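*Asks:* After the structure tokens below, expect a handful of questions from me.
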Ligand code: ADP
Ligand code: MG
Ligand code: ZN
């Protein structure tokens, strides 16, 4: 019939299909609904573009990424494939022309934004032309359980039902959670679909988590050590984006910035400058990304821990789309846990959803603290079966860690929180434990507690790290009483009664580090310096003392 390899070569210039592509395309062209679950950068687009070329009728691609439509359509046209898009950026004139073109069969592919489906007239028009295939890109957006739920995706089911001859339907996403998968099949009313889940591994990406770095200086020295490379620095807040951007500029780095506080025009300008290699590094919040299709990104550094692994893997996965070796580094600091818990608590999600988000946050934090293979951790999180213990290609596999018992420390902390009647934030708890002279503490009479000053030998940041780990592991919880207040859970009570023990993973630096890894040589030096200078207690993970900074965007720890 048709030779898929020949189509691939002729239109896209590639010699071989990547994992999963051929199977998905094969099913679609044989009239079977599909769900294609592949990681970011794996090549999902081809899985609907090639069927579109083969089918006799039109293929409709529903995509939430307005900013990408034009690029995708332009490059398809360059490859000789008739494509167009319909979204809110069109003038009335352009819109009419394209509708006209669709109705006379000028196009093989039509990209549409989901909001279009809210217009009945538009749907009716499409129902009257021959549509062979409807592809839903970023199909997880249909699920309330997904990280970027779009209400307008809910219209897709009805839209498909409106056709007198039902087209083949394909759903594509990088999100593999069971709940999302079920929603996709159910809400799109897929017809006995073939579900393809390719492995989530991105072999060319090197993952590492570094704890307690001085982030700005780390980022600067990393960039200076990788002068030839392009990368993204993700931060949690606009303010941090600005501050890192300014810091890098001051040091002569060609950086750009991107966050939701900039005007559309500014954002577009930065995005273009990044796309055309006019700047080397983009400093951005998570607002940057959905629409980027840049292939030569060599590193993605997270200045903060994201809210969950889906978000992390998607953002980090923007590195190395060209298949070249790239690095994904997460700079973890204690305050990130509190910040993310606070975001969840502040959100207007219903309680059962908050709990779900907390669960995912816990797994994200575990990723940051694990001393086992990071790749294995990620892949298993996404449901892959991994038959090795060490990938030999992540920070932890080139490092080694161990568990330490911290039961005694945990008991001290819990009893202090108990004596403070569970009414304060973690900053105040730390101050009481260390015996600080903080005025608010003194005026509240907290210096009279029997737990005042029982842990003077610890630095603020180390204690903060332990508390955050205890939150992450469910011994403590943060409630929102206008500001985050730490409270004990039943699990902590067991520890207080000496019925359970607490352990914590601690990273240690391996003696023999693979010499070819520049980053790890650098990392080793930095870690060594920290531990020598600060005499870090052996069971405490390196942390940072960003309490002051945190207090600027959270009503917590004000001194
Ligand atoms: P996804 O949507 O899964 O994140 P894309 O469809 O944007 O990924 O594809 C990522 C990159 O991989 C694109 O640059 C694309 O051209 C390239 N690509 C896709 N399939 C192949 C292939 N079979 N061979 C080589 N490159 C490919
Ligand atoms: Mg895509
Ligand atoms: Zn590994």
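Residue numbers (the working numbering): 1 to 559.
The C-beta atom is built at its ideal place from N, Cα and C for all residues, glycine as well.
The model shown is predicted, which means the values in this text are computed figures rather than measured ones.
For residue 172, is the beta carbon positioned less than 8 Å from some heavy atom of the ligand ADP?
*Replies:* Checking the Cβ of residue 172 against the ligand ADP gives yes.
*Asks:* Spatial neighbours of residue 52 within its chain, please: C-beta separation below 7 Å, excluding the five flanking residues on both sides.
*Replies:* Result list for residue 52: 59, 108, 109, 133, in chain order.
*Asks:* Less than 8 Å separating the Cβ of residue 472 from some heavy atom of the ligand ADP?
*Replies:* For the ligand ADP, not one heavy atom lies less than 8 Å from the Cβ of residue 472.
*Asks:* Please look up how many angstroms separate the CB atoms of residue 234 and residue 284, rounded, as I've assumed it's under 8 Å.
*Replies:* Confirmed, about 6 Å.
*Asks:* Which residues bound the alpha helix (DSSP H) around residue 221?
*Replies:* Taken as a continuous stretch (DSSP letters only), the alpha helix (DSSP H) holding residue 221 covers 215-225.
*Asks:* According to the neighbour-count rule (16 or more other Cβ atoms, all chains shown, within 10 Å of its Cβ), is residue 540 buried or exposed?
*Replies:* For residue 540, the predicted structure reports a pLDDT of 27, less than 50, and the residue's modelled location is therefore unreliable. A value from the coordinates is still provided. It counts as buried.
*Asks:* Run the proximity test for residue 561: is its beta-carbon closer than 8 Å to any non-hydrogen atom belonging to the ligand ADP?
*Replies:* Nothing about residue 561 can be read from this structure; the chain reaches only from 1 to 559.
*Asks:* Tell me whether residue 441 is buried or exposed, calling it buried when 16 or more other Cβ atoms sit within 10 Å of its Cβ.
*Replies:* Counting Cβ neighbours within 10 Å, residue 441 comes out buried, since at least 16 surround it.
*Asks:* Could you check whether the region 17-27 touches the region 98-106, counting it as contact only if at least three pairs of C-beta atoms, one from each stretch, sit closer than 8 Å?
*Replies:* Flag = no, the region 17-27 and the region 98-106 do not touch.
*Asks:* Please name the residue in 423, 422, 424, 450 whose C-alpha comes closest to that of residue 435.
*Replies:* The residue with the shortest Cα to Cα distance from residue 435 is 450.
*Asks:* Residue 369 and residue 501: beta carbons closer than 9 Å?
*Replies:* Going by C-beta atoms, residue 369 is not nearer than 9 Å to residue 501.
*Asks:* What residue range does the beta strand (DSSP E) around residue 142 cover?
*Replies:* Neither: residue 142 is in no beta strand (DSSP E) and is coded neither H nor E.
*Asks:* Output the distance between the C-alpha atoms of residue 112 and residue 173, rounded to the nearest integer angstrom.
*Replies:* C-alpha separation (whole angstroms): 17 Å.
*Asks:* Would residue 461 be called buried (16 or more neighbouring beta carbons within 10 Å of its own) or exposed?
*Replies:* So residue 461 counts as buried.
*Asks:* Are the CB atoms of residue 198 and residue 37 nearer to each other than 9 Å?
*Replies:* Yes; because the gap between Cβ atoms is below 9 Å, this pair is in contact.
*Asks:* Could you give the distance in angstroms between the alpha-carbon of residue 122 and the alpha-carbon of residue 116?
*Replies:* About 7 Å.
*Asks:* Taking the alpha carbon of residue 244 as the reference point, which residue from 269, 260, 214, 266 has its own alpha carbon closest?
*Replies:* Checking every option, the nearest Cα to that of residue 244 belongs to 214.
*Asks:* Among 184, 379, 352, 348, which one has its Cα closest to the Cα of residue 363?
*Replies:* That would be 379, whose Cα lies nearest to the Cα of residue 363.
*Asks:* Based on the DSSP output, what are the partners of residue 302 in its beta bridges?
*Replies:* Its beta-bridge partners are 234, 330.
*Asks:* Taking just the CA atoms, how far does residue 447 sit from residue 311?
*Replies:* The alpha-carbon atoms of residue 311 and residue 447 are separated by roughly 42 Å.
*Asks:* Check whether the Cβ atoms of residue 432 and residue 420 sit closer than 9 Å, and answer yes or no.
*Replies:* In this structure, residue 420 lies closer than 9 Å to residue 432 by Cβ.
*Asks:* Excluding sequence positions up to five away, which residues of its chain have a Cβ less than 6 Å from the Cβ of residue 93?
*Replies:* So no residue of the chain qualifies.
*Asks:* Applying the criterion that 16 or more other CB atoms from any shown protein chain within 10 Å of the CB defines a buried residue, is residue 456 buried or exposed?
*Replies:* When all chains shown are included, residue 456 counts as exposed.
*Asks:* Is residue 44 near the ligand MG, in the sense that its beta carbon is under 8 Å from a heavy atom of that ligand?
*Replies:* Checking every heavy atom of the ligand MG against the Cβ of residue 44, one is found closer than 8 Å.
*Asks:* Could you give the DSSP three-state label for residue 579: helix, strand or coil?
*Replies:* Nothing about residue 579 can be reported from this structure: the residues present for the chain run from 1 to 559 only.
*Asks:* DSSP on residue 342, reduced to helix/strand/coil?
*Replies:* Helix.
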